[in-house]
Amino acid sequence: MMPPELVPASDVQAFDRLTSQTIHVWCGDLVRWNPHLHSLRALLSDGERARAARFLFDEDRTRFTLSHALLRVILAGYRKVAPEQLRFEAGPYGKPMLRGAVERLPSLQFSLSHSGAMALVAVAKERAVGVDVEYHRPGAEQVKLATRFFATSEARQIEAASEADRDRLFYRFWTAKEAYLKGRGVGLANGLDTCELLFDEASSSARVRSTESGAFDGDWSVQTLRVGEGIAAAVAVEGQGWNVELLDAFKELACSG
719 MMPPELVPAS DVQAFDRLTS QTIHVWCGDL VRWNPHLHSL RALLSDGERA RAARFLFDED
779 RTRFTLSHAL LRVILAGYRK VAPEQLRFEA GPYGKPMLRG AVERLPSLQF SLSHSGAMAL
839 VAVAKERAVG VDVEYHRPGA EQVKLATRFF ATSEARQIEA ASEADRDRLF YRFWTAKEAY
899 LKGRGVGLAN GLDTCELLFD EASSSARVRS TESGAFDGDW SVQTLRVGEG IAAAVAVEGQ
959 GWNVELLDAF KELACSG
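Numbering (the working numbering), first residue to last: 719 to 975.
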């Protein structure tokens, strides 16, 4: 059952708005959820609690617990089941997927990412999806990292950028590429340099091109997201013709009284 701090899933209208053309990206400010840590921890499986316990620092344990509990609450809302009833399994490259006999929505796909105090949960119907979020870290050696991990053209763009713009460009490329690889289910094992992103500045979207063959991946498209100051985020979705609805998880799911 839902903890008393949460709105009953039947009262959350957003769960009924998901279509095959609309991608939901839930934004979770973990600081706002921290007071509910105890009740949210109870929603996790034994395996998830064991994973949380392996973190060395309490802050990391808390962030893992809150982000994975929110994932359960959100997915349970679409499935119309209790959060603790959900079961997960790993795909060929470790991408988490839902498992179970209760199928209330066809092919419900999801992706979770968290950085610092921000967690994002992307949910799609009948489309594979990947999401990534990163806090900007001023002073990071962006040019060196881009040269090592990115496609040559991307590294050159970052090197040529002004110092003020370099940070933004680096994290835009990083989150968009990671979202794409996560969506495809291959993760960073496939290498950030295996694909090249060509951004349309007017729409904040990007096309993906293979650095090996030079061919565009018409099966996927990527869009950057604005989720907060000093935070880069992107979502990658299988297919074309979709739009994103950003949702404030605390506003939608937490009881106000």
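Glycine included, C-beta positions come from ideal geometry on N, C-alpha and C.
DSSP three-state assignment for Leu724, whether helix, strand or coil: The residue given as residue 724 occupies position 6 in the sequence shown. Looking at Leu724 - three-state DSSP - the assignment turns out to be strand.
For Val749, is the classification buried or exposed, using 16 other Cβ atoms within 10 angstroms of its Cβ as the cut-off for buried? Counting from one through the sequence shown, the residue named residue 749 turns up at place 31. Per the 10 Å Cβ criterion, exposed.
For Tyr853, the three-state DSSP class (helix, strand or coil): Mapped onto the sequence shown, residue 853 falls at position 135. It is a strand residue.
Is it right to say Tyr853 is buried, meaning 16 or more other beta carbons lie within 10 angstroms of its own, or is it exposed? In the sequence shown, residue 853 corresponds to position 135, counting from 1. That one is exposed.
Can you list the beta strand (DSSP E) stretches of 3 or more residues lying completely in the stretch 768 to 820, in chain order? 805 to 808 and 814 to 817
Use the C-beta contact count for Ala756: other C-beta atoms within 10 angstroms, 16 or more gives buried, fewer gives exposed. Start at 1 with the first residue of the sequence shown, and residue 756 comes out as number 38. Looking at the sequence shown, residue 756 is not Ala but His. Looking at its Cβ environment, which holds fewer than 16 other Cβ atoms inside 10 Å, His756 is exposed.
Residues that DSSP places opposite Gln739 in a beta bridge: By 1-based counting over the sequence shown, the position of residue 739 is 21. BP columns for Gln739 are empty, so no partner.
Which residue comes first and which comes last in the alpha helix (DSSP H) that contains Gln875? Within the sequence shown, numbered from 1, the residue matching residue 875 stands at position 157. Per DSSP, Gln875 belongs to the alpha helix (DSSP H) from Thr870 to Ala878.
Straight-line CA distance for Asp850 to Arg772? Along the sequence shown, read from residue 1 onward, the residue named residue 850 stands at position 132. Along the sequence shown, read from residue 1 onward, the residue named residue 772 stands at position 54. Approximately 23 angstroms between the Cα atoms of the pair.
Once DSSP output is grouped into helix, strand and coil, what is the label at Gly746? As a first step, residue 746 is located in the sequence shown; it is residue number 28 there, counting from the start. Of the three classes helix, strand and coil, the one that applies to Gly746 here is strand, per DSSP.
Any idea what DSSP makes of Arg927, helix, strand or coil? On the sequence shown, residue 927 is found 209 positions in, with the first residue counted as 1. Note: Arg927 maps to strand in three-state DSSP.
From the DSSP output, in three-state form, read off Gly765 for me. Working through the sequence shown from its first residue, we reach residue 765 at position 47. In this structure, Gly765 counts as helix in the three-state DSSP scheme.
When burial is assigned at 16 or more other CB atoms within 10 Å of the CB, is Gln731 buried or exposed? Mapped onto the sequence shown, residue 731 falls at position 13. That one is exposed.
Suppose you measure from the CA of Arg781 to the CA of Gly834; what does that come to, to the nearest Å? Along the sequence shown, one-based indexing puts residue 781 at 63. Along the sequence shown, one-based indexing puts residue 834 at 116. Going by the C-alpha atoms only, they are around 8 angstroms apart.
Am I right that Val940 and Ile741 are in contact with their C-beta atoms under 8 angstroms? What's the rounded C-beta distance? Counting from one through the sequence shown, the residue named residue 940 turns up at place 222. Counting from one through the sequence shown, the residue named residue 741 turns up at place 23. Contact flag wrong, Cβ pair sits at about 12 angstroms.
Nearest candidate by alpha-carbon position, reference Asp966, set Asp729, Trp744, Val725 and Ala933: For the purposes of this step, residue 966 is identified with residue 248 of the sequence shown, where counting begins at 1. Looking at the Cα atoms, Trp744 is the closest of the given residues.
Use the C-beta contact count for Arg944: other C-beta atoms within 10 angstroms, 16 or more gives buried, fewer gives exposed. In the sequence shown, the residue the question calls residue 944 occupies position 226. Exposed, by the Cβ-count rule.
Whose C-alpha, out of Ala787, Phe775, Arg767 and Leu826, is nearest the C-alpha of Tyr796? Numbered from its first residue, the sequence shown carries residue 796 at position 78. Of the listed residues, the one whose Cα sits closest to Tyr796 is Leu826.
Sort out for me which residues DSSP pairs Leu971 with in a bridge. If you number the sequence shown from 1, residue 971 lands on position 253. According to DSSP, which records beta bridges pairwise, Leu971 is partnered with nothing at all.
Could you have a look at Gln731 and say whether DSSP puts it in helix, strand or coil? Working through the sequence shown from its first residue, we reach residue 731 at position 13. Gln731 falls in the helix class under three-state DSSP.
Please report the straight-line C-alpha distance between Thr737 and Ile792, rounded to a whole angstrom. Here residue 737 refers to the residue found at position 19 of the sequence shown. Here residue 792 refers to the residue found at position 74 of the sequence shown. Looking at the two C-alpha atoms, the distance is approximately 15 angstroms.
Just list the residues that DSSP pairs Ala846 with in beta bridges. Locating residue 846 in the sequence shown gives position 128, counting from the first residue. Ala846 pairs with nothing; no bridge assigned.
With a cut-off of 8 angstroms on the beta carbons, I'd call Val847 and Val953 a contact; round off their distance for me. Locating residue 847 in the sequence shown gives position 129, counting from the first residue. Locating residue 953 in the sequence shown gives position 235, counting from the first residue. At roughly 7 angstroms, the Cβ-Cβ gap stays under 8 angstroms, so Val847 and Val953 are in contact.
For a test of the three-state rule: what should DSSP assign to Trp892, helix, strand or coil? Counting from one through the sequence shown, the residue named residue 892 turns up at place 174. DSSP places Trp892 in helix when its eight states are reduced to three.
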